[in-house]
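A.B. asks: Taken in order, these protein sequences are the chains called A and B.
Counting along the first sequence from 1, when you hit position 109 you're at 109 in my numbering, and nothing is skipped either side.
Position in the second sequence counted from 1, then plus 1000, gives you my numbering.
Protein chains: 2
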Amino acid sequence: MTGDSPAVVLLSGGLDSAVVLAICRTEGFRPCALTIDYGQRNRLELEGATQISDALGAEQHIVLKIDLTQWGGSALTGGHEVPTGRAIEEMAHSIPITYVPARNTIFLSVAMAWAETLGTGHVYIGAHALDYSGYPDCRPEYFRAFEQMANLATRSGVEENTTWQIHTPLLRMTKQQIVRRGVALAVPFEHTHSCYQPTRDGLACGVCDACLLRLAAFAAVGIPDPIHYRQDGTTSS
Amino acid sequence: MTGDSPAVVLLSGGLDSAVVLAICRTEGFRPCALTIDYGQRNRLELEGATQISDALGAEQHIVLKIDLTQWGGSALTGGHEVPTGRAIEEMAHSIPITYVPARNTIFLSVAMAWAETLGTGHVYIGAHALDYSGYPDCRPEYFRAFEQMANLATRSGVEENTTWQIHTPLLRMTKQQIVRRGVALAVPFEHTHSCYQPTRDGLACGVCDACLLRLAAFAAVGIPDPIHYRQDGTTSS
């Protein structure tokens, strides 16, 4: 089913999900952007998400607050240090401490709720290859299991035989390919945020895993990264 | 795994989940109660949940706000009338308009997040037999699909071989059996709320599906329902 159907796109304000929103449009859906404010450190991502959503022509944009900091458990929701200066190969060998328990499942569940209200079974999420070596909830078998569960969970699945589809267009792409695709689709990278520990005024640290991956990808593509980085590259909050 | 293990119990403030919390303790777990405030009409349920949690000795109680009213879609989150005066047989033949899209999936996902942080794979939810004829996400096959998904979604499932278990002790019980079990376990029914449309001062309407089921169950067990009902039985908010 394509054409006029809406699709819910999980939009974090990061680089990956911005590219996903653009891809969703090219695949013939009317994107409805959903941003989850789960208490992550990077508050500026939320503002960026609105700018991206406007720039890429999402039909609606909802920001939903779910306070996952109540029980901690991740470097992204507090209580752990973000690692810096790691080699990219090193990042891929363990579940990152930035893993937020059940994050994608919570996000997809909420997206499923809105999608059902919109009368669609299509949800887009920006999980990708490097993530999937580290985060359990970025693996293809996880998304297939989520779809099966969704088919049984919903009125649309039971009464209307809606077949739920979790679209993961970035899953097998490298960061470099994602950036290249974003360039082709005129994604406004200047509004995207990746850093795990930006300064209060929104400068990226340049040394956390997310910054290192992003910088390497832009360098490989051969275009400048339009966001601003701290000059000295040291970490601070 | 029983004994000292914690278990997350989804506690709504209603009658069913209160009985589940009591059952969880008898099954040897340390219950950690999780109440989701999703913008439901019955605000008093949230206060009731705290009283139940205290009375039944939950180890912790967290109230998490997730505003599912942003997209409507259910009589419980606004926009539809609650049906009243229906025969119990009538309630069982269709998905109720009080169905909230993806509610149990969202609740279980959040419970899963907290459970993983607590180091357990055990979650309790008060879904039961009458629900399950109406709500797709109260059926046994749904819960099994959720468990499969959870095993793939989490660090504990992947790295520690945690087998997720969604406990549904009420699933095959009638409301009457649930009340009887609650009496045996000293559940403080006076703090439980069931009505879909209580008055501002907390009186139950006595005519919505939830009230009718509850009243019939107490009558069948032969004990008085300790909560207060409107005298005239008419609906108003």
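For each residue, glycine too, the CB sits at the ideal point set by N, CA and C.
Taking a Cβ distance cut-off of 8 Å, strictly less, list which residues of the segment 51 to 72 of chain A are near chain B, in chain order.
C.D. replies: Within the segment 51 to 72 of chain A, the qualifying residues are Ile62, Leu64, Lys65, Ile66, Asp67, Leu68, Gln70, Trp71, Gly72.
A.B. asks: Leaving out five residues on either side along the sequence, give the residues of the same chain with a beta carbon under 6 Å from the beta carbon of Ala1055/B.
C.D. replies: In the second sequence, the residue the question calls residue 1055/B occupies position 55. Same-chain partners within the cutoff: Pro1188.
A.B. asks: Within the present structure, is the beta-carbon of Ile1125/B separated from the nearest heavy atom of the ligand HEM by less than 7 Å?
C.D. replies: The ligand content of the structure shown is nil, which means the ligand HEM is not present either.
A.B. asks: Which residues does DSSP pair with Asp1037/B in a beta bridge?
C.D. replies: Start at 1 with the first residue of the second sequence, and residue 1037/B comes out as number 37. Asp1037/B is bridged to Lys1065/B.
A.B. asks: Please report the residue range of the beta strand (DSSP E) in which Leu1215/B lies.
C.D. replies: Reading the second sequence from its first residue, position 215 is the one you call residue 1215/B. No beta strand (DSSP E) contains Leu1215/B, which is instead part of the alpha helix (DSSP H) from 1209 to 1221.
A.B. asks: Could you spell out where the beta strand (DSSP E) holding Ala127/A opens and where it closes?
C.D. replies: One-based indexing of the first sequence puts residue 127/A at position 127. Here Ala127/A belongs to no beta strand (DSSP E), and DSSP marks it neither H nor E.
A.B. asks: Quick check: the segment 1025 to 1045 of chain B against the segment 1058 to 1070 of chain B, are at least 3 beta-carbon pairs closer than 8 Å?
C.D. replies: Short answer: they touch.
A.B. asks: Given a cut-off of 8 Å, decide if Leu34/A and Gly13/A are closer than it, judged by their beta-carbon atoms.
C.D. replies: Position 13 of the first sequence, counting from 1, holds the residue named residue 13/A. Position 34 of the first sequence, counting from 1, holds the residue named residue 34/A. Contact: no.
A.B. asks: Within the chosen definition, does the segment 173 to 191 of chain A reach the segment 210 to 230 of chain A through at least 3 CB pairs nearer than 8 Å?
C.D. replies: The segment 173 to 191 of chain A vs the segment 210 to 230 of chain A: in contact.
A.B. asks: What residues from the segment 109 to 128 of chain A come within 7 Å of chain B, judged by C-beta to C-beta, listed N to C?
C.D. replies: So the list reads Ser109, Val110, Met112, Ala113, Trp114, Glu116, Thr117, given in the order they occur along the chain.
A.B. asks: Okay, do the segment 1152 to 1160 of chain B and the segment 1190 to 1201 of chain B touch, 3+ Cβ pairs below 8 Å being the bar?
C.D. replies: The answer is no - the segment 1190 to 1201 of chain B does not touch the segment 1152 to 1160 of chain B, with fewer than three Cβ pairs under 8 Å.
A.B. asks: Hey, how far is the Cα of Cys208/A from the Cα of Phe146/A?
C.D. replies: Taking the first sequence and counting its residues from 1, the one referred to as residue 208/A is at position 208. Taking the first sequence and counting its residues from 1, the one referred to as residue 146/A is at position 146. Distance between the alpha carbons of Cys208/A and Phe146/A: 30 Å.
A.B. asks: Is any beta-carbon of chain B found at less than 8 Å from that of Gly39/A?
C.D. replies: Translated into positions along the first sequence, residue 39/A becomes position 39. Chain B, which has no Cβ nearer than 8 Å to the Cβ of Gly39/A, makes this no.
A.B. asks: Which residues bound the beta strand (DSSP E) around Pro6/A?
C.D. replies: Along the first sequence, read from residue 1 onward, the residue named residue 6/A stands at position 6. Looking at the DSSP string, the run of the beta strand (DSSP E) that includes Pro6/A is 6 to 10.
A.B. asks: Mapping DSSP to helix, strand and coil, what is Gln231/A?
C.D. replies: Residue mapping note: residue 231/A aligns to position 231 of the first sequence, counting from 1. The answer is coil: DSSP assigns Gln231/A none of H, G, I, E or B.
A.B. asks: Residues of chain A with a CB under 7 Å from the CB of Gln1148/B: which are they?
C.D. replies: Sequence index remark: in the second sequence, residue 1148/B carries index 148 (1-based). In chain order: Ala145.
A.B. asks: Write down every uninterrupted run of the alpha helix (DSSP H) in the segment 115 to 199 of chain A whose length is 4 residues or greater and which is fully enclosed by it, in chain order.
C.D. replies: 129 to 134, 140 to 153, 155 to 159, 175 to 184, all fully within the segment 115 to 199 of chain A.
A.B. asks: Would you say Ile166/A faces chain B, with C-beta separation under 8 Å as the test?
C.D. replies: One-based indexing of the first sequence puts residue 166/A at position 166. So no, Ile166/A is outside the interface.
A.B. asks: Quick one: does Arg43/A have its CB under 8 Å from some CB of chain B?
C.D. replies: For this step, residue 43/A is matched to residue 43 along the first sequence. It does not; no Cβ of chain B falls within 8 Å.
A.B. asks: Could one say the Cβ of Asp1158/B lies closer than 8 Å to chain A's Cβ atoms, at least one of them?
C.D. replies: Looking up residue 1158/B in the second sequence gives position 158. According to the sequence shown, residue 1158/B is Val rather than Asp. It does; some Cβ of chain A falls within 8 Å.
A.B. asks: Which partner residues of Thr84/A appear in the DSSP bridge assignment?
C.D. replies: On the first sequence, position 84 is the one that residue 84/A refers to. For Thr84/A, which the question treats as bridged, DSSP gives the partners Cys208/A.
A.B. asks: So is Arg1030/B in contact with chain A if we call contact Cβ pairs under 8 Å?
C.D. replies: In the second sequence, counting from the first residue as 1, residue 1030/B sits at position 30. Not closer than 8 Å to any Cβ of chain A, the Cβ of Arg1030/B fails to qualify, so no.
A.B. asks: Any residues in the segment 7 to 31 of chain A with a beta carbon nearer than 7 Å to a beta carbon of chain B? Which ones, in chain order?
C.D. replies: Answer set for the segment 7 to 31 of chain A: empty.
A.B. asks: Pull up the distance between the alpha-carbon of Gly57/A and that of Ala7/A, whole angstroms please.
C.D. replies: Numbered from its first residue, the first sequence carries residue 57/A at position 57. Numbered from its first residue, the first sequence carries residue 7/A at position 7. Answer to the nearest angstrom: the Cα atoms are 13 Å apart.
A.B. asks: Please classify Asp1225/B: is it buried, with 16 or more other beta-carbons within 10 angstroms of its beta-carbon, or exposed?
C.D. replies: Position 225 of the second sequence holds residue 1225/B. With 16 or more other Cβ atoms within 10 Å, it is buried.
A.B. asks: Specify the secondary structure class of Arg25/A as computed by DSSP and reduced to three states.
C.D. replies: In the first sequence, residue 25/A corresponds to position 25, counting from 1. Note: Arg25/A maps to helix in three-state DSSP.
A.B. asks: What residues from the segment 1167 to 1196 of chain B come within 7 Å of chain A, judged by C-beta to C-beta, listed N to C?
C.D. replies: From the segment 1167 to 1196 of chain B, no residue has a Cβ closer than 7 Å to chain A.
A.B. asks: Please compile the residues from chain A whose C-beta is within a distance smaller than 7 Å of the C-beta of Asp1137/B.
C.D. replies: Indexing the second sequence from 1 puts residue 1137/B at position 137. By Cβ distance, chain A contributes Ala153.
A.B. asks: Ser17/A: which of Met149/A, Phe143/A, His191/A, Trp114/A sits nearest, CA to CA?
C.D. replies: Within the first sequence, residue 17/A is the residue found at index 17, counting from 1. The candidate whose alpha carbon is nearest that of Ser17/A is His191/A.
A.B. asks: Counting only beta-carbon atoms, is Tyr1229/B nearer than 8 Å to chain A?
C.D. replies: Here the question's residue 1229/B lines up with position 229 in the second sequence. No, its Cβ sits nowhere closer than 8 Å to a Cβ of chain A.
A.B. asks: For Val1243/B versus Leu1170/B, is the C-beta spacing smaller than 8 Å?
C.D. replies: Residue 1243/B is absent from the structure shown; chain B starts at 1001 and stops at 1237.
A.B. asks: Does chain B have any CB closer than 8 Å to the CB of Glu141/A?
C.D. replies: Working through the first sequence from its first residue, we reach residue 141/A at position 141. Chain B contact via Cβ: present.
A.B. asks: Tell me, please, whether the CB atom of Pro101/A is closer than 8 Å to any CB atom in chain B?
C.D. replies: Position 101 of the first sequence holds residue 101/A. Yes, Pro101/A counts as interfacial toward chain B.
A.B. asks: With a Cβ-Cβ cutoff of 8 Å, do Ala1049/B and Leu1011/B count as a contact?
C.D. replies: Translated into the one-based positions of the second sequence, residue 1049/B becomes position 49. Translated into the one-based positions of the second sequence, residue 1011/B becomes position 11. Yes, the Cβ-Cβ distance between Ala1049/B and Leu1011/B is below 8 Å.
A.B. asks: Would Gln197/A be called buried (16 or more neighbouring beta carbons within 10 Å of its own) or exposed?
C.D. replies: By one-based count along the first sequence, residue 197/A stands at place 197. Buried, because 16 or more other Cβ atoms sit within 10 Å of the Cβ of Gln197/A.
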